[in-house]
Amino acid sequence: MAFEGLSEKLQGVFKNLKGKGSLTEADINDAMREVKLALLEADVNFKVVKEFVSSVKEKALGEEVMKSLTPAQQVIKIVDRELTELMGGAGSKLTYSPRGFTVLLMVGLQGTGKTTTCGKLANYLKNNGKKPMLCACDIYRPAAIDQLEVVGKAVDTPVFTMRDCREPEKIALAAMKEAELKGYNVLIVDTAGRLQIDEALMDELVTIKKAVKPHEILLVVDALTGQDAVNAAEGFNEKLGIDGIIMTKMDGDSRGGAALSAKKVTGKPIKFVGMGEKFDALEPFHPDRMASRILG
Ligand code: GDP
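Going by UniProt numbering, the sequence shown opens with residue 1, and the numbers climb by one from there.
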């Protein structure tokens, strides 16, 4: 489960604070030093940690005293608020086209869980009253097309393919036409992944983006890769521009550093988290609930 270690450490820090009646500046400084260590151990980006701790400290020292709360409760409340803010505040939903037909472009490195997530998203959309269609745009690996077809079957969603076409943007455009014609209202476009960000991959994605003008470009990253996931998000955002992040494998990530750093580093929100291999294991990301979960 995500944030296990961090959660335990922070709860320890706060238990300590609660044991004291009033808090001195030194108490807060000590506590913040421990919070800082806990965040670093959770693999949160170093700059993000520094800013976070100094912001909490400033607020904890400056906060006007609320009579209803003990000093320790106040510090916890500030940390809760700042953690929520760090992960994106109110949270970010998918945006749908006002015209009624939405295109979601799914991008990401190989192995992050992109194809599985396409299926999870189709399942989620169906449960939310949408009619999704999937589209296979990986022109390099026929196995990737096969995989998407298996996924489509599992979530009872049609998959558009053009196995002989070498131009992914043409495949996506044809899929849009077909989907609209058949009365589907969301097209989820699965694209090719690579082991690392390279120019050819980015050029191809930019070409698809220009052709289909997606309403959302969603980057799939693997929480288990920690700061590499954040770096990938930065790279994709710089070269392509993304609208949101889907962070997979949160079920196996006991640290949580990527989830805590991604929004601050890239400016782009995490919209969903993957919580398992099954197709119903996709959850909208709620920073406030996640912060509460961390603080226990
Ligand atoms: P792609 O290369 O990015 O398309 O990755 P795949 O969709 O093939 O997924 C790679 C592996 O990650 C598969 O074994 C998936 O079952 C697994 N996976 C994807 N999302 C999750 C998740 O949220 N949690 C867990 N535990 N496994 C996941």
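Built from N, CA and C at the ideal position, the CB exists for glycine as well.
Between the Cα of Val230 and those of Tyr124, Lys213 and Ile197, spot the shortest distance and give me the residue it belongs to. By 1-based counting over the sequence shown, the position of residue 230 is 230. Closest option to Val230, Cα to Cα, is Ile197.
Enumerate in chain order the residues of its own chain whose CB-to-CB distance from Glu178 is below 8 Å, with the five nearest sequence positions on each side excluded. In the sequence shown, the residue the question calls residue 178 occupies position 178. Hits under 8 Å: Met133 and Phe160.
Mind checking whether the beta-carbon of Gly226 lies closer than 8 Å to any heavy atom of the ligand GDP? Against the sequence shown, residue 226 aligns to sequence position 226. Set against 8 Å, the gap from the CB of Gly226 to the closest heavy atom of the ligand GDP is not smaller.
DSSP on Asp288, reduced to helix/strand/coil? Translated into the one-based positions of the sequence shown, residue 288 becomes position 288. Three-state result, Asp288: helix.
With a cut-off of 8 Å on the beta carbons, I'd call Ala136 and Ala143 a contact; round off their distance for me. Within the sequence shown, numbered from 1, the residue matching residue 136 stands at position 136. Within the sequence shown, numbered from 1, the residue matching residue 143 stands at position 143. Under the criterion of beta carbons closer than 8 Å, Ala136 and Ala143 do not qualify as touching, at roughly 11 Å.
What residue range does the alpha helix (DSSP H) around Asp27 cover? As a working note, residue 27 is residue 27 in the sequence shown. For Asp27, the enclosing alpha helix (DSSP H) covers residues Glu25 to Glu41.
Exposed or buried, which one is Tyr184 when buried takes at least 16 other CB atoms within 10 Å? Start at 1 with the first residue of the sequence shown, and residue 184 comes out as number 184. Tyr184 sits buried, since 16 or more C-beta atoms from the chains shown fall within 10 Å of its C-beta.
Measuring only from the beta carbon, is Val265 closer than 8 Å to any heavy atom that is part of the ligand COA? Within the structure as shown, the ligand COA is missing, the only ligands being the ligand GDP.
Using 9 Å as the threshold, is the C-beta distance between Asp172 and Val186 below it? Translated into positions along the sequence shown, residue 172 becomes position 172. Translated into positions along the sequence shown, residue 186 becomes position 186. In the sequence as displayed, the identity of residue 172 is Ala instead of Asp. Note that the C-beta distance between Ala172 and Val186 is not below 9 Å.
Could you give the distance in angstroms between the alpha-carbon of Val107 and the alpha-carbon of Lys170? Within the sequence shown, the letter at position 107 stands for residue 107. Within the sequence shown, the letter at position 170 stands for residue 170. Val107 and Lys170 have their alpha carbons spaced roughly 17 Å apart.
At a threshold of 8 Å, does Val220 count as lining the ligand GDP (C-beta to nearest heavy atom)? Residue mapping note: residue 220 aligns to position 220 of the sequence shown, counting from 1. Residue side-chain check: Val220 places its Cβ nearer than 8 Å to a non-hydrogen atom of the ligand GDP.
Look up Ile165 in the DSSP assignment and say whether it is helix, strand or coil. Along the sequence shown, read from residue 1 onward, the residue named residue 165 stands at position 165. Per the sequence shown, the amino acid found at residue 165 is Cys instead of Ile. Taken through DSSP and simplified to helix, strand or coil, Cys165 comes out as coil.
Go ahead and pull the three-state DSSP assignment for Asp203. Against the sequence shown, residue 203 aligns to sequence position 203. Asp203 falls in the helix class under three-state DSSP.
Beta-carbon spacing of Gly276, Asp253 below 9 Å: As a first step, residue 276 must be located in the sequence shown, where it is residue number 276. As a first step, residue 253 must be located in the sequence shown, where it is residue number 253. Taking 9 Å as the cut-off, the Cβ atoms of Gly276 and Asp253 do not count as close.
Whole-Å CB distance - Leu6 paired with Leu37, under 8 Å assumed: For the purposes of this step, residue 6 is taken as residue 6 along the sequence shown, with counting starting at 1. For the purposes of this step, residue 37 is taken as residue 37 along the sequence shown, with counting starting at 1. Taking a contact as a CB-CB distance under 8 Å, the pair Leu6 and Leu37 does not count as one, their CB atoms being some 10 Å apart.
Determine, using beta-carbon pairs with one atom in the stretch 204-216 and one in the stretch 239-248, whether at least three such pairs fall under 8 Å. The answer is yes - the stretch 239-248 touches the stretch 204-216, with three or more Cβ pairs under 8 Å.
Beta-carbon gap between Gly256 and Phe46 smaller than 9 Å: By 1-based counting over the sequence shown, the position of residue 256 is 256. By 1-based counting over the sequence shown, the position of residue 46 is 46. For Gly256 and Phe46, no; Cβs fall outside 9 Å.
Taking the CB atoms as reference points, tell me whether Thr117 and Phe272 lie closer together than 9 Å. For this step, residue 117 is matched to residue 117 along the sequence shown. For this step, residue 272 is matched to residue 272 along the sequence shown. Cβ atoms of Thr117 and Phe272: closer than 9 Å.
Thinking just about the alpha-carbon of each residue, which of Asp30, Leu219, Ala122 and Arg289 is nearest to the one in Gly111? In the sequence shown, residue 111 corresponds to position 111, counting from 1. Nearest to Gly111 by alpha-carbon distance, out of Asp30, Leu219, Ala122 and Arg289, is Leu219.
Sheet register partners of Cys137 (DSSP bridge): Here residue 137 corresponds to residue number 137 of the sequence shown, with the count starting at 1. DSSP lists Thr191 as partners of Cys137.
Between Glu25 and Leu61, what straight-line distance do the alpha-carbon atoms span, to the nearest angstrom? Taking the sequence shown and counting its residues from 1, one reaches residue 25 at position 25. Taking the sequence shown and counting its residues from 1, one reaches residue 61 at position 61. Straight-line Cα distance between these residues: approximately 7 Å.
What are the boundary residues of the beta strand (DSSP E) that includes Thr102? Counted from its first residue, the sequence shown places residue 102 at position 102. Unbroken beta strand (DSSP E) run through Thr102: Thr102 to Gly108.
Examine the ligand GDP and report whether any of its heavy atoms sits within less than 8 Å of the Cβ of Leu109. On the sequence shown, residue 109 is found 109 positions in, with the first residue counted as 1. Yes, the ligand GDP has a heavy atom inside 8 Å of this Cβ.
If you reduce the DSSP assignment to three classes, tell me which class Gly111 lands in. As a position in the sequence shown, residue 111 is number 111, starting the count at 1. Three-state DSSP puts Gly111 in coil, outside helix and strand.
Pull up the distance between the alpha-carbon of Arg141 and that of Asn127, whole angstroms please. Here residue 141 refers to the residue found at position 141 of the sequence shown. Here residue 127 refers to the residue found at position 127 of the sequence shown. Looking at the two C-alpha atoms, the distance is approximately 30 Å.
To the nearest angstrom, how far is it from the Cα of Val35 to the Cα of Arg81? In the sequence shown, residue 35 corresponds to position 35, counting from 1. In the sequence shown, residue 81 corresponds to position 81, counting from 1. Each residue's Cα considered, the two are about 15 Å apart.
Anticipated Cβ contact below 8 Å, Ala258 with Gln227, distance rounded: As a working mapping, residue 258 is identified with position 258 in the sequence shown. As a working mapping, residue 227 is identified with position 227 in the sequence shown. Correct: roughly 7 Å between the Cβ atoms.
When Pro168, Lys57, Ala233 and Ser92 are compared against His286, the one with the closest alpha-carbon: Residue numbering aside, residue 286 sits at position 286 when the sequence shown is read from its first letter. Closest option to His286, judged by alpha-carbon separation, among Pro168, Lys57, Ala233 and Ser92: Ser92.
At what residues does the beta strand (DSSP E) containing Lys271 begin and finish? Residue 271 sits at position 271 when you count from the first residue of the sequence shown. Under the DSSP assignment, Lys271 falls in the beta strand (DSSP E) whose first and last residues are Ile270 to Gly274.
Would you check whether the ligand GDP has a heavy atom nearer than 8 Å to the C-beta of Gln196? Position 196 of the sequence shown, counting from 1, holds the residue named residue 196. Taking non-hydrogen atoms of the ligand GDP into account, the C-beta of Gln196 is found less than 8 Å away from none of them.
Using three-state DSSP, classify Asp222 as helix, strand or coil. Numbered from 1 along the sequence shown, position 222 holds the residue referred to as residue 222. Strand at Asp222.
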